[in-house]
Every structure is written in structure tokens, then in C-alpha cells.
Amino acid sequence: MDIKKIEHLAMLSRLDLDAAQKQLLLADLPAIIEYMDILNEVDTTNVEPTYQSTGLMHVTREDKLDPNQNMGQALLQHTKHEVVKDQIKVKSVFN
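Spelled out as C-alpha cells, the structure:
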């Protein structure tokens, strides 16, 4: 393990490490990898894969349209922009 590999791993992980953190990781990473190698020794031959651990299914609410709710008017009432003839007036994006 060298600094180049640490920098590559940091880039892949989107971590911004300073020089001291890189040195610390350089010292600690071999022990971390060795510890994780313990998982390779676990016998999982008769263990079913776990794709979902809670057993919950379809727990989100159904998306229902509320005919009494006028989304257009709600948007018009809660905008910070000027409203002109039931339309939200925004700054021009074209010159």
C-alpha cells in the first residue's frame, strides 16, 4: 500500500484527504483490510441470501389525486415571485 493507492481510493470514494489523513490511512488501512478478511472465513454455504431484511412490503401510501386541491392556485399563493394574470412572472432567461 502506498500514497498513490490511498489517493486513488480517496478519489473513488470522493474523500478530500489532507496529507496527515493520507498518512494515517496509509498506516491503518492494512489492519482494516486484514480485519475485513475475517468475513472470507465465514461458512455461508447453507445461508439464504438476504435481499430484504424487514419483511415489509408496499409500505408507502397510495398516491391519490385530491379533486378539492387546486395545485395551480396553491403554487400561485406560495410563490415569492410576482403573479400576473394567474401566471408566475420570473426573470427572463433569454436576452
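Here this note's numbering = 1-based position in the sequence shown + 508. Backbone N, C-alpha and C fix where the C-beta goes; we use that ideal spot for every residue, glycine too. Keep in mind that this is a model prediction, so the values were computed, not measured.
Need the endpoints of the beta strand (DSSP E) that residue i sits in, please.
| i | result |
| --- | --- |
| Ile596 | 595-597 |
On the DSSP bridge list, what partners appear for residue i?
| i | result |
| --- | --- |
| Glu590 | Lys597 |
For the ligand FMN, I want to know if residue i counts as a neighbour, meaning its beta carbon is within less than 7 angstroms of at least one of the ligand's heavy atoms.
| i | result |
| --- | --- |
| Pro575 | Ligands in the displayed structure: none, and consequently the ligand FMN is not present. |
Would you report the Cα separation of residue i and residue j, rounded to the nearest angstrom?
| i | j | result |
| --- | --- | --- |
| Met637 | Glu556 | Only positions 509 to 603 of the chain appear in this structure, which leaves residue 637 out of reach. |
| Asp594 | Asn576 | 19 angstroms |
| Val550 | Ile540 | 17 angstroms |
| Arg569 | Gly563 | 17 angstroms |
| Thr553 | Ile511 | 38 angstroms |
| Met579 | Ser600 | 24 angstroms |
| Leu533 | Ser561 | 32 angstroms |
Can you give me the start and stop residues for the alpha helix (DSSP H) that residue i sits inside?
| i | result |
| --- | --- |
| His566 | Run containing His566: none; DSSP gives neither H nor E here. |
| Tyr543 | 527-544 |
| Met579 | 579-585 |
Just to confirm my understanding: we take residue i, look at its own chain, exclude 5 residues before and 5 after, and list those with CB closer than 8 angstroms. What are they?
| i | result |
| --- | --- |
| Leu583 | Ile596 |
| Thr587 | Ile596 |
| Met509 | Leu534, Leu537, Pro538 |
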